Structure formats: C-alpha cells, structure tokens
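Asks:
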Amino acid sequence: MGNMEIDMKQAYQNYANLSDADKETIRKFMAGPARRIIGKVFGEEFDTALGAFMLPKAKRGKGLASQQ
Numbered sequence: 018m019g020n021m022e023i024d025m026k027q028a029y030q031n032y033a034n035l036s037d038a039d040k041e042t043i044r045k046f047m048a049g050p051a052r053r054i055i056g057k058v059f060g061e062e063f064d065t066a067l068g069a070f071m072l073p074k075a076k077r078g079k080g081l082a083s084q085q
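See the structure below:
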C-alpha cells in the first residue's frame, strides 16, 4: 500500500467549518482513549496532529485518565 498524506491546513479548515456540536464531539473523542489507540495505529506524527482537536485542559476533567 502507498503512503497516506493528510493536508493539515485543509483539515483545520474543514474542522473550522463544522457545527459547534460536531466540534465538541471531536474534542470529547480526542480527550478519551481513542486518541491513544489511533496514535498506535497511525504513528506519533498523526497523534500529534490529532491533539490539535482536543478539549482545552480546563474542560478535560481532573481524573487520572484525563492527565495522560
């Protein structure tokens, strides 16, 4: 299989065009274990890029899982 490239500039623009509800869904997803699992599959660079879509730290919670 070939390499996959993601245009992050376009991804950020697509994200900006989402409804607030859709943005919140992505942020919650990225603050959970899914981000870590997806990072294992697609690699550290992809995981770092996905981190841009996380909830602000103040909204992530105070539990141990939220500190990872």
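Just so we're aligned, residue 18 is where the sequence shown starts under my numbering, counting upward by one. For each residue, glycine too, the CB sits at the ideal point set by N, CA and C. No experiment lies behind these values; they were computed from the predicted model shown.
Tell me the residue span of the alpha helix (DSSP H) that contains Gly49.
Replies: No alpha helix (DSSP H) holds Gly49; DSSP gives it neither H nor E.
Asks: What three-state label does DSSP hand Gly68 in the structure shown?
Replies: helix
Asks: Is Met25 closer than 9 Å to Ala66 when the C-beta atoms are compared?
Replies: yes
Asks: Run through DSSP, which three-state label would Asn20 get?
Replies: coil
Asks: Skipping 5 residues on each side, what residues in its chain have a beta carbon closer than 6 Å to that of Ile43?
Replies: Only residues of its own chain outside the window of five on either side were considered, and among them Phe70 have a CB closer than 6 Å to the CB of Ile43, listed in chain order.
Asks: Measure the C-alpha to C-alpha separation of Ile55 and Asp64 and round it to an integer number of angstroms.
Replies: 7 Å
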